[in-house]
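Asker: Take a look at this one; I'll ask things after.
Number of protein chains: 2
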Amino acid sequence: MLLESLSRPIVAAPMGGGPTTPELVRAVAGAGGFGFLAAGYRSVEDLRGEMRAVGDGVRFGVNLFVPGPEARTEVYAEYVKRLGREAGEPRWSDDSWEEKLELLVREPVAVVSFTFGCPGSEEIGRLREAGSEGWVTVTSPEEAAQAEAAGADVLIAQGYEAGAHQGTFDLESEEEPFGLLPLLQLLRAETKLPLVATGGIGSGAGVAACLAAGASAVQLGSAFMLCPEAGTPEAHREALKERRPTRLTRAFTGRRARGAVNRFLSEHEDAPAAYPEVHYATAPIRAGAREAGDAEALNLWAGQAHWLAREEPAATVVKRFTDEAREALDSALRTLTSL
Amino acid sequence: MLLESLSRPIVAAPMGGGPTTPELVRAVAGAGGFGFLAAGYRSVEDLRGEMRAVGDGVRFGVNLFVPGPEARTEVYAEYVKRLGREAGEPRWSDDSWEEKLELLVREPVAVVSFTFGCPGSEEIGRLREAGSEGWVTVTSPEEAAQAEAAGADVLIAQGYEAGAHQGTFDLESEEEPFGLLPLLQLLRAETKLPLVATGGIGSGAGVAACLAAGASAVQLGSAFMLCPEAGTPEAHREALKERRPTRLTRAFTGRRARGAVNRFLSEHEDAPAAYPEVHYATAPIRAGAREAGDAEALNLWAGQAHWLAREEPAATVVKRFTDEAREALDSALRTLTSL
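Residue numbers (my numbering), protein chains in the order written: chain V, 1 to 339; chain D, 1 to 339.
Put into structure tokens, the structure is as follows:
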């Protein structure tokens with residue numbers, strides 16, 4: 001079990017579109033944590049290049065997007081039209097699902113994690129035979145039961161507070177996501193699988209809270225985004241330091257994701273559920289904004305505690321959060337015992 | 001400081017409309033916790049009767065609703081019309097704010113808590129002179145700063161997960177509420193005031209998590225609703241045991257509140273922000289549903305972890321949650337130390 005072998009219970013989330021880099025993954029592993037590369041939105045060749053760039057002797061994971069259903073054109077046509085001439089061609093894709101699985105069977109990593117759905121037991125089986133663990137991102141007890149039935153080794157329990165995409169299996173779901181704390185308690189009551197908690201964790205006290213609620217480790221996103229090893233665009237870094245409120249939105253990709261509120265998000269509150277069609281449609285707009293350093297048209301993924309993030313090396317994040325967590329647990333236990 | 005004198009860090013939330021009873025408050029205090037009476041929606045005479053019914057020698061609190069602005073008729077007129085002939089007369093009221101404050105100055109209780117806004121420093125001052133502490137319910141760092149400036153002794157930090165009304169000061173707010181865990185971390189970074197955590201706590205592990213995140217105690221609602229001492233209507237009790245999803249809705253009262261999804265909630269997703277006008281308009285409909293045992297037209301207030309609630313005496317809830325919390329903290333600390 002990989003989780004048992006970590007010296008610090010900190011996982012760096014796969015952050016597609018730039019923030020995750022091989023350097024970040026290596027630094028987190030070097031400090032006793034564990035990091036994921038983001039396989040989404042990139043070619044098999046690019047992914048292989050990143051895997052090799054992490055370097056020999058470093059254990060790491062790769063996160064795959066499970067393909068979802070193709071949307072009917074009527075669902076997104078009007079939205080794409082409204083995006084104007086800058087918009088790209090909306091298209092469905094399975095993000096090279098089979099080819100990426102084959103790569104990971106041929107060149108296995110320690111953990112393959114899944115987001116946006118549940119892989120089949122056969123797929124988890126192939127990866128496990130190759131020597132990998134299969135972790136599945138879940139946002140509800142029902143998704144957890146499905147992942148357990150498919151043979152998941154670990155559940156990544158993602159709360160409403162989390163930055164970037166919600167892993168919800170049904171991309172059209174309008175149910176309100178569970179907050180991380182009730183989710184952990186509900187899962188703990190129904191499964192014995194190890195849990196990795198993610199969503200809104202911005203301090204060691206947050207880590208301590210998740211461990212107390214029954215998680216074996218926590219996965220952090222925003223907390224690593226200001227690290228020098230991260231590839232976060234400058235305009236995004238600046239927005240993370242501000243006390244901007246965040247919202248769940250389908251404006252950028254057609255799937256619910258949490259971002260700091262900006263103009264683009266506010267102007268497209270009614271964006272349709274069509275992923276990855278909307279992702280491809282907004283891609284040139286986002287690329288232009290990144291180029292121009294325009295935070296108002298970028299997807300400013302951010303968890304609800306984002307302005308607690310600090311500009312410090314990734315190894316410092318791993319160590320500081322673990323040390324703070326130990327102090328927080330120790331202090332809470334002393335308080336409770338003294339009552 | 002009242003919190004320091006508790007032998008168990010468990011607070012019973014004020015649950016208006018039936019669930020909170022003097023018996024529940026007494027049982028919680030008897031087990032080493034602390035309970036609140038709900039002053040909202042009742043006359044000063046009724047409140048005084050309940051306060052006396054708690055009995056001598058029992059420390060308890062009273063929760064007051066801070067009056068908000070009167071809504072323009074246009075805001076709710078169409079909604080009330082749509083409710084049909086069964087609807088009551090919509091009207092604004094300050095819920096006898098001054099008279100209830102005067103009662104609490106004359107017959108002081110240990111704690112007066114506030115919801116839906118921030119009392120003035122003069123009002124907190126009067127209560128404190130009478131010997132009470134003033135606790136203010138907050139849902140964001142900005143509200144916390146305002147409450148601290150007004151002289152609050154304790155902040156009740158309420159997360160998105162919480163059942164029943166969100167305490168948000170601005171009743172028209174469309175911002176997404178903070179999950180409890182990020183809220184606790186953000187508040188802990190900005191204030192030294194003691195925090196009482198509330199929202200989605202359905203087990204001792206949840207209590208442990210909040211203490212680890214820096215809370216001094218937790219406030220529980222749903223967890224007490226199945227107790228024999230609670231006045232929860234039968235149809236509501238049954239709904240709490242089911243795995244019904246919950247949602248934030250203005251359908252019942254014109255203020256955002258979390259309830260288990262039922263017909264009435266689903267049919268009125270677009271209810272206006274007008275409190276207490278909508279509360280009075282739906283009151284006869286809810287009373288009829290309670291009478292008829294019809295869960296589909298009742299306001300089924302419930303937190304996100306509601307189906308973890310058990311049918312057990314209130315004292316058992318207080319003791320079980322505390323014991324489980326100690327075990328959870330102990331286990332998390334051992335795990336972290338052994339890495």
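Cβ coordinates follow ideal geometry from the N, Cα and C atoms, glycine included.
1) Answer with yes or no whether the minimum CB distance from D:Asp330 to chain V is below 8 Å.
2) In chain D, which residues lie less than 7 Å from V:Gln304 when you measure between Cβ atoms?
3) Buried or exposed, going by whether 16 or more other CB atoms sit within 10 Å of the CB of D:Glu86?
4) So the candidates are D:Gly167, D:Gly254, D:Val109; which of them puts its Cα closest to the Cα of D:Pro119?
5) D:Pro69: buried (16+ other C-beta within 10 angstroms of its C-beta) or exposed?
6) Please compile the residues from chain V whose C-beta is within a distance smaller than 7 Å of the C-beta of D:Tyr160.
7) Here's the rule: buried if 16 or more other CB atoms are within 10 angstroms of the residue's CB, otherwise exposed. What is V:Thr115?
8) Write down the C-beta distance between D:Pro284 and D:Gly88 rounded to the nearest angstrom, noting that I regard them as a contact closer than 8 Å.
9) Listing by chain order, which chain A residues have their CB less than 8 Å from the CB of V:Thr316?
10) From D:Ala208 to D:Lys192, what does the alpha carbon distance come to, in whole angstroms?
11) Hey, could you find the ends of the beta strand (DSSP E) D:Glu133 is sitting in?
12) Taking the beta carbon of V:Arg243 as the centre, do at least 16 other beta carbons fall within 10 Å, making it buried, or is it exposed?
13) At what residues does the alpha helix (DSSP H) containing D:Thr316 begin and finish?
14) Is the number of C-beta pairs between the segment 216-236 of chain V and the segment 265-275 of chain V that are closer than 8 Å three or more?
15) Can you pull out the residues from the segment 209-242 of chain D whose beta carbon lies closer than 8 Å to at least one beta carbon of chain V?
16) Three or more beta-carbon pairs under 8 Å between the segment 281-298 of chain V and the segment 306-324 of chain V, yes or no?
17) Counting only C-beta atoms, is V:Thr139 closer than 8 Å to chain D at any point?
18) Since V:Leu340 and V:Pro9 should fall inside the 8 Å C-beta cutoff, what is the C-beta to C-beta distance between them, to a whole number of angstroms?
19) So V:Leu306 packs on V:Leu240, CB below 8 Å; how close in whole Å?
20) Answer yes or no: do V:Phe371 and V:Asp95 have a C-beta to C-beta separation smaller than 8 Å?
21) Give the straight-line distance between the Cα atoms of V:Glu133 and V:Ala325, rounded to the nearest whole angstrom.
22) Run the CB neighbour count on V:Asp153, radius 10 Å, all protein chains shown included, and call it buried at 16 or more, exposed below.
23) Looking at the unbroken beta strand (DSSP E) that takes in V:Gly35, where does it start and where does it end?
24) With the cut-off set at 8 Å, would you say D:Val318 and D:Val75 are in Cβ contact?
25) Quick one: residues in its chain with C-beta nearer than 6 Å to the C-beta of V:Pro245, no 5 flanking neighbours on either side, listed in chain order?
26) Considering only the beta carbon of each residue, do V:Gly254 and V:Ala223 sit closer than 8 Å?
27) So with CB distances below 8 Å, who are the chain D contacts of V:Arg326?
28) Check the C-beta distance from V:Gly61 over to V:Val111 and give it rounded, since I have them as a contact under 8 Å.
29) Please report the straight-line C-alpha distance between V:Arg286 and V:Ala271, rounded to a whole angstrom.
30) Would D:Ala257 pass as an interface residue toward chain V - the criterion being a Cβ-Cβ separation below 8 Å?
31) Any idea if V:Thr337 is buried or exposed, counting beta-carbon neighbours within 10 angstroms, 16 or more meaning buried?
32) Going along chain V, which residues have a C-beta under 8 Å from D:Ala189?
33) DSSP three-state call for V:Ile201: helix, strand or coil?
34) In the DSSP output, which residue or residues are listed as bridge partners for D:Arg247?
35) Using a Cβ-Cβ cut-off of 8 Å, state whether V:Pro194 counts as contacting chain D.
36) Can you tell which of D:Thr198, D:Glu78, D:Leu83 has the C-alpha that lies nearest to the C-alpha of D:Glu267?
Answerer: By the coordinates alone:
1) yes
2) Phe178, Gly179, Pro182
3) exposed
4) D:Gly167
5) exposed
6) Tyr160, Gly179
7) buried
8) 5 Å
9) Of the chains in the structure shown, none is chain A; the protein chains are V and D.
10) 20 Å
11) 133-138
12) exposed
13) 314-338
14) no
15) Ala209, Cys210, Leu211, Ala212, Ala213, Gly214, Ser216
16) no
17) no
18) Because residue 340 of chain V is not part of the residues shown, which for chain V are 1 to 339, the question remains open.
19) Sequence inspection shows His at residue 306 of chain V; the Leu mentioned does not correspond to that position. 5 Å between Cβ atoms; contact.
20) Since the first residue of chain V shown is 1 and the last is 339, residue 371 of chain V is not available in this structure.
21) 26 Å
22) buried
23) 34-38
24) no
25) Val261
26) no
27) Leu333, Leu336, Thr337
28) 4 Å
29) 16 Å
30) no
31) exposed
32) Ser203, Leu308
33) coil
34) D:Gly259
35) no
36) D:Leu83
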